[in-house]
Amino acid sequence: MSDYQTQKKANYTMRLKAIVNELPDFCALYFRAIEPTTSILTRYGYAVDLRSFFRFLTSGAVDRYSGKEMNQLSLSDLNLLRSLDIELYLEHVSMYTDETRDDGKLIENNERAKARKLSAIRSLFKYLYKKSLLETNCAALVDTPKLHEKAIIRLEANEVADLLDATEQGSGMSKAQRRFHDATKARDVAILSLFLGTGIRISELVGIDLNDIDFTKDQFIVTRKGGNQETLAFGPEVKAALLAYLDERNRIVPLSGSENAFFLSLQKRRITPRAVENLVKKYAKISTPLKKITPHKLRSTYGTMLYQESGDIYLVADVLGHKDVNTTRKHYAAMTEDKSRQAAKYIKLREEQPVLPDD
């Protein structure tokens, strides 16, 4: 495990422990039980969602729990919960003001966010019921919110070229952006080339260390979701971009803790996911202003291009690190639009009538 992944796991472990201390005591049993089969990020996400749920129950929204502190809830209290209470919670989180924040910001949760919160609740109740700590599993009676398929947004071949050209040339930038462009151009081209040429995730990219890249074999090591390490290959264009940045990287003295990081920020620290998101947004806004492009959209672009060239969905699934090939299908689902347009050309509702000359 890389230094980045080790530190990331340590940070989230401490954050998870802090939240578990706020939750009812029986939650500690649950998180201990799922530790061997889940990643730290999954457990942290579940903890955040369960804290939201128990805060709601004790906020006065459900009379049976009004006046109780969240960490005082017992299994006896939980046995009184009804499926209607969970449905009331899901309705509440559709749009609400978080009273724990000072800014009073209005928070919205779409159907996917609500489905994730329900998944956390179901997982807890399933465990407690399985261990005979609950008399019934009311969470199993709550229907999952209907999930609508989202349109796949990707770059076309000419848009990929435009994005890389805009990054290299700095065209369309403001004066403020141009001041930093020379200092970050090689790095930014390398980052975008790596996304578009290998389809890796943003978390995988920021975690790359200097010794993870083997330029003699044109391959590098990534740490996938769940902590598994895999070796991926890159092509000549990606190699050229990485070597161009490496020449600059070798002249930078990183701050303590970032000595092994391949991609560095202007502050000489390991670049953060937020910084990568911002740089992708900056260049995409210049080259493709009508499309909202994110690092994940670049990953979708790679998946679609690879499938178009290979026709092998299992190859795409393997390279993208998908455990389920059905997940991969979304990366080439956007191709159905192209096929639809092609099919439309074959259909004629009326025969074209010849144009008669005027008398």
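Residue numbers for the sequence shown follow the numbering used here, so the first one is 821 and each next one is one higher.
Glycine is no exception: its CB is placed at the ideal position from the N, C-alpha and C atoms.
C-beta atoms of residue i and residue j nearer than 8 Å
i	j	result
Phe851	Leu948	no
Ala986	Ile1106	yes
Arg998	Gly992	no
Thr1051	Tyr1122	no
Leu983	Ala1104	yes
Ser879	Lys937	no
Ile1033	Val1096	no
Leu1016	Thr1108	no
Ala860	Thr833	Reading off the sequence shown, one finds Ile at residue 860, where the question assumed Ala. Their beta carbons are under 8 Å apart, which means Ile860 touches Thr833 by this criterion.
Asn891	Glu842	yes
Asn1080	Asn1031	yes
Leu877	Tyr885	yes
Asp1008	Phe1082	no
Phe1035	Lys1059	yes
Glu907	Val962	yes
Gly1141	Arg1071	no
Pro965	Glu931	yes
Ala830	Val840	no
Residue i beta carbon near the ligand FMN (any heavy atom closer than 7 Å)
i	result
Asn1098	Absent from the structure shown: the ligand FMN. Ligands present: none.
Anticipated Cβ contact below 8 Å, residue i with residue j, distance rounded
i	j	result
Val1145	Tyr1134	6 Å
Arg863	Leu836	6 Å
Ala935	Leu967	6 Å
Glu979	Ser1013	The pair is not a contact, with the Cβ atoms about 15 Å apart (cut-off 8 Å).
Gly1027	Ser822	6 Å
Ala1053	Asp1038	6 Å
Lys1111	Ile972	Actually they are not in contact, since the Cβ atoms of Lys1111 and Ile972 sit about 11 Å apart, beyond 8 Å.
Leu1118	Val1136	At roughly 15 Å, the Cβ-Cβ gap does not stay under 8 Å, so Leu1118 and Val1136 are not in contact.
Pro1084	Ser1076	One point to set straight first is that residue 1084 is Leu, not Pro, in the sequence displayed. Leu1084 to Ser1076, Cβ: 13 Å. No contact.
Buried versus exposed call for residue i [16 or more other C-beta atoms within 10 Å across all chains shown]
i	result
Arg927	Before going further, note that residue 927 is Ile rather than Arg in the sequence given. Flag for Ile927 reads exposed.
Glu1024	buried
Val913	buried
Ala977	exposed
Thr1156	At Thr1156 the pLDDT is 49, less than 50, meaning the model places this residue with poor confidence; the figure from the coordinates comes in the next sentence. The residue in question, Thr1156, is exposed, as its Cβ has fewer than 16 Cβ neighbours within 10 Å.
Pro844	buried
Pro856	exposed
Asp869	buried
Ser1120	buried
Ala981	exposed
Val1073	exposed
Met915	exposed
Thr1004	buried
Ala867	buried
Ala1010	buried
Thr917	exposed
Thr826	exposed
Lys1168	Residue confidence for Lys1168 is low, a pLDDT of 49 falling below 50, so the modelled location carries little weight; the figure read from the coordinates is stated next. The residue is exposed, with fewer than 16 neighbouring Cβ atoms inside 10 Å.
Residue ranges of each alpha helix (DSSP H) within the segment 1054-1087, 4 or longer: Runs found: 1056-1069.
The segment 1086-1101 in contact with the segment 928-944 per 3-pair CB rule at 8 Å: They do not touch, by the three-pair rule.
Given 8 Å, three or more beta-carbon pairs between the segment 894-910 and the segment 953-969: Taking one beta carbon from each stretch, the segment 894-910 and the segment 953-969 have 3 or more pairs nearer than 8 Å; the two touch.
Minimum length 4: unbroken alpha helix (DSSP H) runs contained in the segment 919-953: Within the segment 919-953, the complete alpha helix (DSSP H) runs of at least 4 residues are 931-950.
Whole beta strand (DSSP E) elements within the segment 978-1058, 3-residue minimum: Listed in chain order, they are 1039-1043 and 1049-1053.
Ordered list of alpha helix (DSSP H) runs contained in the segment 829-907, each at least 4 residues: Residue ranges of uninterrupted alpha helix (DSSP H) with 4 or more members, entirely inside the segment 829-907 and ordered along the chain, are 846-854, 860-876 and 895-899.
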